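Q:
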Amino acid sequence: MEGESIKLTNLTKSYRKHEAAKSLNLEVNKGELFGFLGPNGAGKTTTIKMLTGLLEPTSGSAEINGIDIWQHPLKAKEKIAYVPDQPNLYPKLTGWDYLEFVGSVFRLPKDQFQAKANELLQIFSLTEQANDLIESYSHGMKQKIAICGALVHEPDVLFMDEPTVGLDPKSARNLKNLLREFCDNGMTVFLSTHILEIAEQMCDRVGIIFEGDIIALGTMDELKAGEDAEQSLEDIFLELTGGEDQQAIINEMSDDDGDAK
Ligand SMILES: Nc1ncnc2c1ncn2[C@@H]1O[C@H](COP(=O)(O)OP(=O)(O)O)[C@@H](O)[C@H]1O
Ligand SMILES: [Mg+2]
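Position 256 (the sequence shown) corresponds to 258 in the numbering used here; numbering is contiguous.
(1) Could you give the first and the last residue of the continuous alpha helix (DSSP H) run that contains ARG44?
(2) Under a three-way DSSP split, which group does LYS263 fall into?
(3) If you follow the beta strand (DSSP E) that TYR100 is in, where does it begin and where does it stop?
(4) How big is the Cα-Cα spacing for ILE251 and PHE126?
(5) Is the beta carbon of GLY188 within less than 6 Å of some heavy atom of ligand 4?
(6) I believe ALA119 touches VAL159 by the beta-carbon criterion, under 8 Å. Please report the beta-carbon distance rounded to the nearest angstrom.
(7) Between which two residues does the beta strand (DSSP E) carrying ARG207 extend?
(8) Helix, strand or coil: how does DSSP classify ILE149 here?
(9) Would you say TYR84 touches ligand 1, meaning its beta carbon is less than 6 Å from a heavy atom?
(10) Does the region 133-152 come close enough to the region 95-103 that 3 or more CB-CB pairs lie under 8 Å?
(11) Spatial neighbours of GLU21 within its chain, please: CB distance less than 6 Å, with the 5 preceding and 5 following residues excluded, ordered by chain position.
(12) Report the rounded CA-to-CA distance for GLN248 versus VAL167, giving the unit in angstroms.
(13) On the DSSP bridge list, what partners appear for GLY37?
(14) Just curious, the beta strand (DSSP E) that ASP2 is in, first and last residue?
(15) Out of LYS146, ILE82, SER25, ASN42, point me to the one whose CA is closest to LEU169's CA.
(16) Output needed for THR30: all residues of its chain with C-beta closer than 7 Å, excluding positions within five of it in sequence on either side, in chain order.
(17) Tell me whether the beta-carbon of ALA148 lies closer than 7 Å to the beta-carbon of VAL85.
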């Protein structure tokens with residue numbers, strides 16, 4: 003499980019005068035669960051959209067498995083899945099129909115699709131709602147069905163923008179365990195969050211983005227130990243406050259016994 007599966011080279015995005023991503027350079031290795039941590043407005047969503055081919059960079063490049071996503075979008079997009087912070091789903095489809103739609107887009111064999119879809123629905127406690135229309139789902143349920151849709155075709159690289167926002171603690175822990183299992187099997191995950199503890203609990207390695215710059219990169223232990231950063235990490239972390247809704251998730255994850263059940 004070697005080699006880089008995501009590579010940013012001088013990746014830059016300007017919205018008129020405002021530089022939301024400032025010449026980012028970063029490599030994420032195959033099998034890695036990478037956390038992109040930063041406060042609101044830091045540039046996380048902007049970066050993820052450039053990496054998934056949704057927002058054209060002002061300059062620089064983004065590669066997935068060595069394929070430039072802006073030069074060879076179809077080839078690169080075969081390899082990826084993306085769960086946006088506000089999943090845009092088809093309200094008039096049922097959860098099951100939506101997963102079937104994803105399965106057909108990726109031409110999954112029927113048996114394989116059904117086994118995988120049922121497994122994912124069960125993991126996220128959606129089995130009983132699978133035949134309800136998505137428009138009847140809560141925000142958290144929409145988030146979960148979007149995650150199921152992203153995982154059903156077993157992508158090489160998974161991008162998730164603030165995936166724990168809207169999830170209940172149990173689902174967040176299931177997600178964490180599931181991502182770990184997928185990464186152990188070679189999938190790469192690039193996950194954004196504004197909550198320090200989420201990055202700490204879920205990720206192998208973390209990059210901190212602040213005002214469009216990657217200001218620190220390493221394992222959480224390395225980041226905490228490093229005292230040489232220009233701006234104290236402590237100061238930055240103070241801005242990365244987890245709300246009450248996130249505290250239960252953090253507690254649940256800290257209690258984790260590591261079983262993917
Ligand atoms: N479409 C846009 N037009 C102009 N400015 C934008 C647009 N989208 C985001 N921004 C600005 O770019 C910066 C980064 O935003 P974003 O990538 O959404 O940050 P994050 O996801 O980390 O909260 C913010 O200052 C935001 O206001
Ligand atoms: Mg965002």
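Even glycine gets a Cβ: it sits at the ideal position worked out from N, Cα and C.
These numbers come from a predicted model, not from an experiment.
A: Quick look at the numbers:
(1) Numbered from 1 along the sequence shown, position 42 holds the residue referred to as residue 44. Looking at the sequence shown, residue 44 is not Arg but Ala. Where ALA44 is concerned, there is no enclosing alpha helix (DSSP H), given that its DSSP letter is neither H nor E.
(2) Position 261 of the sequence shown holds residue 263. Confidence in LYS263 is poor, its pLDDT being 40 and thus under 50, which makes the residue's placement too unreliable to answer from.
(3) Against the sequence shown, residue 100 aligns to sequence position 98. For TYR100, there is no enclosing beta strand (DSSP E); the enclosing alpha helix (DSSP H) has its first and last residue at 97-107.
(4) Within the sequence shown, residue 251 is the residue found at index 249, counting from 1. Within the sequence shown, residue 126 is the residue found at index 124, counting from 1. C-alpha separation (whole angstroms): 15 Å.
(5) Ligands displayed in this structure: ligand 1 and ligand 2; ligand 4 is not among them.
(6) The sequence position of residue 119 within the sequence shown is 117, counting from 1. The sequence position of residue 159 within the sequence shown is 157, counting from 1. About 21 Å; that fails the 8 Å criterion.
(7) As a first step, residue 207 is located in the sequence shown; it is residue number 205 there, counting from the start. ARG207 -> beta strand (DSSP E) spans 207-212.
(8) If you number the sequence shown from 1, residue 149 lands on position 147. Three-state result, ILE149: helix.
(9) One-based indexing of the sequence shown puts residue 84 at position 82. Every heavy atom of ligand 1 is 6 Å or more from the Cβ of TYR84, so no.
(10) Taking a contact to require three or more Cβ pairs closer than 8 Å, the region 95-103 and the region 133-152 qualify as touching.
(11) Position 19 of the sequence shown, counted from the first residue, corresponds to residue 21. So the list reads GLY214, once near-sequence residues are dropped.
(12) Within the sequence shown, the letter at position 246 stands for residue 248. Within the sequence shown, the letter at position 165 stands for residue 167. Cα to Cα, the separation comes out at about 8 Å.
(13) Stepping through the sequence shown from its first residue, residue 37 is reached at position 35. GLY37 pairs with LEU193, VAL208.
(14) Residue 2 lies beyond the stretch modelled for the chain, which goes from 3 to 263, so this question has no answer here.
(15) Within the sequence shown, the letter at position 167 stands for residue 169. Across the set LYS146, ILE82, SER25, ASN42, the C-alpha of LYS146 shows the shortest separation from the C-alpha of LEU169.
(16) If you number the sequence shown from 1, residue 30 lands on position 28. Contrary to the premise, residue 30 reads as Val rather than Thr in this sequence. If the five residues before and after VAL30 are omitted, its C-beta is found closer than 7 Å to the C-beta atoms of GLU6, SER7, ILE8, PHE36, THR190, PHE192, all from its own chain and listed in chain order.
(17) By 1-based counting over the sequence shown, the position of residue 148 is 146. By 1-based counting over the sequence shown, the position of residue 85 is 83. Between ALA148 and VAL85, the C-beta spacing is below 7 Å.
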